[in-house]
Amino acid sequence: MEILIQIVLTGLTLGAMYALASVGLALIWGTLGMFNMAQNMFITVGAYGAYSAIGVLGWPIWLGLPAGLLVGALVGIITHVLIVRQMLGRPNFEMNIMVATAGVGIVLENLVLQAYGGYPYRQPVNITGSFKLGGVVISYQPLMIILIAALLIVLTAVLLLKTRFGRAIRATAMNIDAARLMGVQTERTYLQVMAIAGALAGAAGVLISSMSSLSPQMGADPMVKAFVICVVAGLGNVAGTGATAVVLGLFEATIQFYFGVRFGFPAMLGLVILVLIWRPNGLFGRKSVVRL
Amino acid sequence: MIFSKALRGHALIAVLMIAVFAALPLVVGERYLLGQIITFFFWAIVASQWNLIMGHGGVFSLAQMFFFACGAYATAMMVEYGGLSIWLALPIAGLISAASALLIGAACLRLAGAYVALLTYAIATMVQVLIITDTNCYQMVNNVCQELLGGATGFSGFEDFGFRKLLKANWILGNYYVVLAVFSVTILVTIVVIHGRYGLAFRAIRDNLGYASSRGISRFRYQMIVFAISAFFTGLAGATYGGHFKFAGPSLFDFSTAMMVLSMVIVGGLGSTWGPIIGTAVIMVIIEWMKEFGDARNLGLGLALVLFVVFMPGGLAAAAKRLADRARGSGKIGKAAR
Amino acid sequence: MTALLSIENLTAGYGKQPVLHGVSLEIQPKSVFALIGPNGHGKTTLLRCLSGLIAHKADKFDFGGEDIGAAPSHIRVARGLIHVPQGDLLFRDMSVEENLLMGAYLRNDAGAVQASLADVYKFFPRLGERRAQLANSLSGGERRMAGIGRGLMAAGQFMMIDEPSLGLAPLIIEQIYDGLKELAKSGRTILIVEENPMRIVEIADHMALMDGGQIVWSGSPAALTTEKKILQTYFGAV
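In order, the protein sequences belong to chains R, L and B.
Take the first sequence: its letters are residues 827 to 1118, numbered as in this note's numbering.
Take the second sequence: its letters are residues -15 to 322, numbered as in this note's numbering.
Take the third sequence: its letters are residues 4 to 241, numbered as in this note's numbering.
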């Protein structure tokens, strides 16, 4: 029983962090048709942003998460304005934007390295303490992570489904010409998507670093997993991505417990490849291309 | 085989270039410079194969450095564990890389373009992590634990080409010509692929997939073939790299190395013929220049990547072509001649 | 009477290929204008230029008395220039009702929007029955109705409908055209694009024939029936 609780808790925590890291990515893919290879840095700068806001600017700890959201959104906006916007109509966009955002990621990583060095600072945004449940010691920290992630994702879902603003985003993702014909300012919609995705990634960064520590490369691993999750869920499906993240988090926790930490990701990847063979467009994805 | 005019033209340029490189050691004696040129050969090969599979084959593969590392590791392990002669290990390593490409391709290539990029990226990352985190000692070497796949330190100090014994102080010349040989074969075969039947097939696939399929050109089959070819030569380059530097380690899987080579491809011009060579040279010059800036070296690379993709998507090759066309006075830019 | 829409010498193309070679036309308010002609000769392109989806140049492009040649799509929609595109382009993962509400995206008055919605359901009862269904589960005819309904929801001054009969069975086309006849009677300004003029001749006030990216004939429906040569060339034996 204790093992089960432990695995479920670890799995949900992982799933929560992955979900935050992936939902933004899915949103960007669904709306802009773009793979954001700078996602790792959106995550990282959010973490460092919270750290600096509290440590350097002296903000109170509970503003750390909003700081991460803000910095993430800013990076998303800047990336869009400087780069994505120029490349949107061009041929070979899919491939070129991956390379461009990869470049952005490298630049950002280096800037973070220059500014902070490689020292693994502790993320001040965290909660200490624990309680006992069924003979298992449960810390507040992972619970906080799960709660915050769930909150942010529900908020995003409400935003997308219930607001006019969210409907514009979904419409743009489904059919950009039709969206324009409804009077949606699609350029502004893209900007909004990049900001939201950046904010979510920034929050993921704050939460992830609260469990380990800050480092300029901290976003690399979450990004790979986020990509994998998005692919399995079916690119662009935001709701499916969240669910898949949680499932994969639980799966990874289980494998890690029984076979060792290093096999967590390979097992996940193996599962992903199997899923893709069975369903080439992802679990919830839709066939949009005529197979030839 | 179609020996089109374009094919012959490019092959001629290649032969001339190889001749120049062959004669170069007569003029350049400095070991450091020769070493740099050898390194140039390695990256140029990887860049050319990456350009082949991505720019011509249309496969967004992020596994190219994986194949490179595969070749290096296979060579190191065959020589160290199996006692194989390195000359035998080289082509076998290339074949092993090609085989892994077929495996990966079978899993990935039927999927949409972006999926391939992600999966190849994920696979490469995963293998690196698996290698680094392996702590089981496969055997003890001089009382030092040696993991099966080399662990975090990798393989080093194994048997190389043996030129130190033969040429003594001029051993680097021996390595130089070996690498040049691999480079030459790679470039020539690549030109044949790009400008021969396969190139035609890929252009057909790119221009009108439906029609190409109806004529019996299976995109999957062609992509698999080119994927395997590119993996073979990339693996061969990796194997030769291992032989030259006597090293094969997990740093070869680093994403930053992959990005460096990718920027060589992009800066040179994705989809061109000579872009990879130009790009490799340019990036290596930039890296050399940025060595003064220490840590910020990657910054320059990242910037170069972004600037080129945004402002010069055709790379230097396309820019050079535009200049050449303007100089020649013609208004049309022919795609085939690139 | 000043024209609601007036364009002169409009040119446009895809990349370096020009498709429209100097199109000029005028559309009077409260009339039905039919744009006919063989497919692939610029009719859809013209509509996409009018709604701002494609870049274009024109000597004159006035709508409602104002020059909108440089205005982006959303401004044109805000001014009441509504385009119901060819092939419907419905938001496939949204329900019928959500699609219709998207049509009213720029409208602020919730009450008026609900009233419009009720009107659309009265107009196309089938849509009302299917209001909660996802758009991609509709039949061809229902999709067409949803597209037109979505355009109606914008409550614009001018509605352009691109090929309302495209891909539909004759019986369904009848239904759609019954609806269009109602719209025409209600005094709206409508432009309808059709390849075949047979049905549209009944409701149009004015017609123009487009061929090779140019208007080659324009006049009243009555006049068309006397243009034997045109009828022969474009529509086969009369």
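Backbone N, C-alpha and C fix where the C-beta goes; we use that ideal spot for every residue, glycine too.
Within the region 118 to 190 of chain B, the alpha helix (DSSP H) runs of at least 4 residues that lie entirely inside it are, in chain order, 128 to 132, 143 to 156, 173 to 188. Legend: CB atoms of the region 997 to 1023 of chain R lying less than 7 Å from CB atoms of chain B belong to residues Ala997, Met1000, Asn1001, Asp1003, Ala1004, Arg1006, Leu1007, Met1008, Gly1009, Val1010, Gln1011. For the region 42 to 58 of chain L, the beta-carbon criterion of a distance under 7 Å to any beta-carbon of chain R is satisfied by Phe44. Boundaries cannot be given for proline 946 of chain R, as no beta strand (DSSP E) includes it and DSSP labels it neither H nor E. Within its own chain, the residues whose Cβ lies closer than 7 Å to the Cβ of aspartate 70 of chain B, once the five positions on either side in sequence are excluded, are Phe64, listed in chain order. DSSP, reduced to helix, strand and coil, places serine 9 of chain B within a strand of the structure shown. At a cut-off of 9 Å between beta-carbon atoms, alanine 994 of chain R makes contact with chain B.
Within the same chain, Ile88, Thr104, Ile107, Ala108 come within 7 Å of alanine 47 of chain L by CB-CB distance, once the 5 residues on both sides are set aside. By the C-beta criterion, the region 243 to 263 of chain L is judged to be in contact with the region 25 to 40 of chain L, since at least 3 inter-stretch pairs fall below 8 Å.
Following the DSSP letters along the chain, one finds lysine 230 of chain L in no alpha helix (DSSP H), marked with neither H nor E.
Below the 8 Å Cβ cutoff, chain R contributes no neighbours of leucine 300 of chain L, its closest Cβ being approximately 15 Å away. When C-beta distances to chain L are compared with 9 Å, the residues of the region 903 to 924 of chain R below that value are Leu908, Ile909, Gln912, Met913, Arg916, Pro917, Asn918, Glu920, Met921, Asn922, Ile923, Met924, in chain order.
By the CB criterion at 9 Å, valine 1032 of chain R and valine 951 of chain R fall inside the cutoff. About 4 Å separates the beta carbon of tyrosine 844 of chain R from that of alanine 1071 of chain R, a gap short enough to meet the 8 Å contact definition. Taken in chain order, the whole alpha helix (DSSP H) runs of length 4 or more contained in the region 57 to 112 of chain L are 70 to 92.
With respect to the 9 Å criterion, threonine 192 of chain B and glutamine 235 of chain B are not classified as neighbours on the basis of their beta carbons. Below the 7 Å Cβ cutoff, chain R contributes no neighbours of threonine 264 of chain L, its closest Cβ being approximately 16 Å away.
Nearest CB-CB separation between alanine 1046 of chain R and chain L: below the 9 Å threshold. Taking 7 Å as the cut-off between beta carbons, the residues of the region 1087 to 1099 of chain R near chain L are Arg1088, Phe1091, Pro1092, Leu1095, Ile1099, in sequence order. Between the beta-carbon of phenylalanine 5 of chain L and that of threonine 264 of chain L there is about 13 Å, and that puts the pair past the 8 Å contact cut. By the CB criterion at 9 Å, isoleucine 39 of chain B and methionine 162 of chain B fall outside the cutoff.
In the structure shown, serine 240 of chain L falls within a helical segment according to DSSP collapsed to helix, strand and coil. If you compare the alpha carbons of B:Pro21, B:Lys231, B:Arg134 with that of leucine 103 of chain B, the shortest gap goes to B:Arg134. Counting C-beta pairs with one atom in each stretch, the region 192 to 211 of chain L and the region 286 to 298 of chain L have fewer than three that are closer than 8 Å, which means they do not touch. Counting along the chain, methionine 213 of chain B sits inside the beta strand (DSSP E) bounded by residues 209 to 214.
If you check the CB distance, glycine 859 of chain R and alanine 1023 of chain R do not come in under 9 Å. Per the coordinates, the alpha-carbon of lysine 958 of chain R lies some 31 Å from the alpha-carbon of leucine 1026 of chain R.
Annotated three-state conformation of valine 166 of chain L is helix, per DSSP. Of all residues in the region 78 to 101 of chain B, only Ile78, Arg79, Val80, Ala81, Ile85, His86, Val87, Pro88, Asp91, Leu92, Leu93, Phe94, Arg95, Asp96, Met97, Glu101 place a beta-carbon less than 9 Å from a beta-carbon of chain R. Here lysine 958 of chain R carries a strand assignment [DSSP, helix/strand/coil]. A Cβ-Cβ separation of about 24 Å leaves glycine 929 of chain R out of contact with glycine 1062 of chain R under the 8 Å criterion. Judged by beta-carbon spacing, leucine 137 of chain B lies beyond the 9 Å limit of methionine 105 of chain B, meaning their Cβ atoms are not closer than that value. Counting C-beta pairs with one atom in each stretch, the region 991 to 1008 of chain R and the region 878 to 888 of chain R have fewer than three that are closer than 8 Å, which means they do not touch. Here glutamate 14 of chain L is exposed: its Cβ has fewer than 16 other Cβ atoms, across all protein chains shown, within 10 Å.
Fully contained in the region 860 to 922 of chain R are the following alpha helix (DSSP H) runs of length 4 or more, in chain order: 865 to 881, 890 to 905.
By DSSP's assignment, glutamate 143 of chain L forms no beta bridge with any residue.
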